[in-house]
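Asks: Just so you know, the sequences run in chain order A and B. Quick note: to get the working numbering, add 23 to the position in the first sequence (first position is 1). Quick note: to get the working numbering, add 23 to the position in the second sequence (first position is 1).
There are 2 protein chains.
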Amino acid sequence: MARPQEFNTAEALRQAMDTFWQKGYEATSMADLLKAMGLSKSSLYAAFGGKRELFLAAFDAYREERGREMQQILAQGPARDAIEQFFRKIIADAGDGGAPSRGCMSINQAVELAPRDPEVRSRISRDFAGMEALFTQAIARGQMDGSIGNSDEARNLARLLVLAFPGLQVMVRADGDREQLNQTLNLLLSTLD
Amino acid sequence: MARPQEFNTAEALRQAMDTFWQKGYEATSMADLLKAMGLSKSSLYAAFGGKRELFLAAFDAYREERGREMQQILAQGPARDAIEQFFRKIIADAGDGGAPSRGCMSINQAVELAPRDPEVRSRISRDFAGMEALFTQAIARGQMDGSIGNSDEARNLARLLVLAFPGLQVMVRADGDREQLNQTLNLLLSTLD
DNA sequence: GGTATTATGAACCAATCGGTCCATAAGTCA
DNA sequence: TGACTTATGGACCGATTGGTTCATAATACC
């Protein structure tokens with residue numbers, strides 16, 4: 024019909040996601056987003072609405088992407104190994120350079136916006152529930168294939184892992200010692216044996 | 024010598040602490056603080072410096088208070104029971120009313136400011152280290168008094184609890200189901216047996 | 001090539017941000 | 001009571017906040 028967009032919407036959204044992920048909602052200004060996304064104010068507002076709508080879109084993109092990634096990792100190989108790899112990866116992903124780590128955006132938002140924003144809170148509830156379901160499924164599989172010896176209810180064991188997840192993500196974001204965290208993971212994972 | 028302060032400095036600091044605790048650093052404006060502390064702008068700046076300095080003072084007051092509280096709880100009764108009470112209290116303290124829970128200010132700041140503020144980050148590192156030390160001490164005591172059966176190194180067990188702590192605090196702040204969290208604690212604490 | 005349609009950049013907006021300044025009120029001490 | 005010291009409230013500051021508006025440029029279609 025007419026003049027086409029000069030930017031890739033999905034790619035711009037990804038840049039916004041990265042910025043919100045690193046700095047959180049309040050500390051991210053529209054100027055930050057404009058620079059990161061590389062487009063002009065009117066384009067941004069036309070394509071995404073305001074700051075809050077852009078944030079929610081970026082957050083949802085993050086959640087979907089991470090959900091798929093988790094599902095994929097947990098499906099590979101013996102369940103116990105898959106679960107271990109899932110947690111090890113969190114530590115390994117922490118920026119090796121001096122750059123501060125980003126942690127998990129859902130966890131970050133559980134702290135920042137969830138207490139005062141029902142729409143964010145409900146998303147995070149869903150994230151935890153989804154994570155519990157995936158862990159439960161993986162643990163049940165591990166109890167079948169013999170890689171997980173603990174015969175407690177899979178759901179209960181899963182909840183322990185769900186509890187450990189934000190703990191690990193917070194410590195990673197606060198620049199916790201990676202070697203030490205890996206060591207602690209040994210003990211956590213030995214609970215499954 | 025001259026006109027005395029009309030406000031109690033410690034009490035005003037406590038109000039600031041509460042506000043920063045609930046809303047975080049960025050989402051708290053000077054206007055919020057003025058209202059919460061009940062004093063005028065010039066008084067606030069004269070007594071506490073700027074926003075950041077006030078925040079650090081409030082944060083340190085929080086950390087000291089909580090550190091003492093933890094120490095006290097862990098010292099009471101058999102070590103295993105004391106540790107259990109410490110964790111149960113975190114869940115119980117979550118606002119029973121509809122009011123959103125505040126979680127732990129150190130954990131909240133591990134997410135919000137720590138990645139970009141070395142002064143905050145070092146405080147949080149110290150908090151984690153202190154917590155690890157207190158847990159280690161309590162667990163060692165429990166291994167002596169027989170309330171803790173697990174004979175793994177006390178320090179390693181302590182690190183597992185240190186990992187669980189931010190996990191629990193984040194879930195509480197995001198309005199996680201209290202009953203379910205208490206149930207999950209059972210499994211975590213059974214690691215000590 | 002002309003026309004209709006749409007994306008873009010810049011100018012502009014009120015409101016709020018954290019922070020400073022100062023005249024005045026309210027005390028203390030001699 | 002008078003002199004000195006200090007706390008207080010309000011006016012004021014420039015910068016930045018998120019957001020809107022509009023003239024212009026660029027493209028697709030006929």
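Here a beta-carbon is modelled for each residue, glycine too, at the ideal position from N, C-alpha and C.
What residues of chain B sit near Ile130 of chain A, judged by a beta carbon separation below 8 Å?
Replies: Mapped onto the first sequence, residue 130 of chain A falls at position 107. The contacting residues are Val134 and Val193.
Asks: Considering only C-alpha positions, which residue in the set A:Asp198, A:Glu29 and A:Ser213 is nearest to Ile114 of chain A?
Replies: As a first step, residue 114 of chain A must be located in the first sequence, where it is residue number 91. Nearest of A:Asp198, A:Glu29 and A:Ser213 to Ile114 of chain A, Cα basis: A:Asp198.
Asks: Could you tell me which chain B residues have their CB closer than 9 Å to the CB of Asn179 of chain A, listed as they occur along the chain?
Replies: Position 156 of the first sequence holds residue 179 of chain A. Simply Gln206, Thr207, Asn209 and Leu210.
Asks: In terms of residue numbering, what span does the alpha helix (DSSP H) encompassing Ser124 of chain B cover?
Replies: The residue you call residue 124 of chain B lines up with position 101 of the second sequence. No alpha helix (DSSP H) contains Ser124 of chain B, which DSSP labels as neither H nor E.
Asks: What do you get for Gly118 of chain A, buried or exposed, if any count of 16 or more other CB atoms within 10 angstroms of its CB means buried?
Replies: Translated into positions along the first sequence, residue 118 of chain A becomes position 95. That one is exposed.
Asks: With 7 Å as the C-beta to C-beta threshold (strictly closer), list the residues of the segment 45-57 of chain B near chain A in chain order.
Replies: For the segment 45-57 of chain B, which is checked against every Cβ of chain A, the residues closer than 7 Å are Gly47, Glu49 and Ala50.
Asks: Which class does Pro189 of chain B belong to by DSSP, given the choice of helix, strand or coil?
Replies: Indexing the second sequence from 1 puts residue 189 of chain B at position 166. Residue state, collapsed to three classes: helix.
Asks: Any chance you could list the alpha helix (DSSP H) runs of at least 4 consecutive residues sitting entirely within the segment 38-115 of chain A, in chain order?
Replies: Runs found: 53-60, 64-71, 74-98 and 102-115.
Asks: Is Gln132 of chain A helix, strand or coil by DSSP?
Replies: Numbered from 1 along the first sequence, position 109 holds the residue referred to as residue 132 of chain A. Here Gln132 of chain A sits in helix by DSSP.
Asks: So for Ser174 of chain B, helix, strand or coil by DSSP?
Replies: Locating residue 174 of chain B in the second sequence gives position 151, where the first residue counts as 1. Here Ser174 of chain B sits in coil by DSSP.
Asks: State the start and end residues of the unbroken alpha helix (DSSP H) segment that holds Phe158 of chain A.
Replies: Residue 158 of chain A sits at position 135 when you count from the first residue of the first sequence. Start and end: Pro141 to Asp168.
Asks: If we define contact as Cβ-Cβ less than 9 Å, is Ala16 of chain A a contact residue for chain B?
Replies: The first residue shown for chain A is 24 and the last is 216, placing residue 16 of chain A beyond what the model contains.
Asks: Please state the DSSP three-state secondary structure of Glu29 of chain B.
Replies: As a working mapping, residue 29 of chain B is identified with position 6 in the second sequence. The answer is coil: DSSP assigns Glu29 of chain B none of H, G, I, E or B.
Asks: At least one CB of chain B closer than 9 Å to the CB of Gln166 of chain A: is that the case?
Replies: Working through the first sequence from its first residue, we reach residue 166 of chain A at position 143. For Gln166 of chain A, the answer is no, since every Cβ of chain B falls outside 9 Å of its Cβ.
Asks: Quick check: the segment 51-60 of chain B against the segment 138-153 of chain A, are at least 3 beta-carbon pairs closer than 8 Å?
Replies: At 8 Å Cβ cutoff, the stretches do not touch.
Asks: Let me see if you follow: with CB-CB separation under 9 Å, is Asp83 of chain B close to chain A or not?
Replies: One-based indexing of the second sequence puts residue 83 of chain B at position 60. Taking Cβ atoms only, chain A never reaches closer than 9 Å to Asp83 of chain B, which makes this a no.
Asks: Closest to Leu184 of chain B by CA distance: which of B:Arg164, B:Leu79, B:Leu208 and B:Ser174 is it?
Replies: Numbered from 1 along the second sequence, position 161 holds the residue referred to as residue 184 of chain B. Closest by alpha carbon: B:Leu208.
Asks: Between B:Arg37, B:Arg111, B:Thr42 and B:Ala163, which has its C-alpha nearest Ala102 of chain B's C-alpha?
Replies: The residue you call residue 102 of chain B lines up with position 79 of the second sequence. Residue B:Ala163 is the option with its Cα nearest to Ala102 of chain B.
Asks: For the alpha helix (DSSP H) containing Thr207 of chain A, list its first residue and its last residue.
Replies: For the purposes of this step, residue 207 of chain A is taken as residue 184 along the first sequence, with counting starting at 1. Arg201 to Ser213 is the span of the alpha helix (DSSP H), which, as asked, contains Thr207 of chain A.
Asks: Indicate whether at least one CB of chain B lies closer than 9 Å to the CB of Pro189 of chain A.
Replies: On the first sequence, position 166 is the one that residue 189 of chain A refers to. Cβ-Cβ to chain B under 9 Å: yes for Pro189 of chain A.
Asks: Verify the CB distance criterion: does Pro123 of chain B have a CB-CB separation below 9 Å to chain A?
Replies: Along the second sequence, one-based indexing puts residue 123 of chain B at 100. Yes - at least one Cβ of chain A is within 9 Å of the one on Pro123 of chain B.
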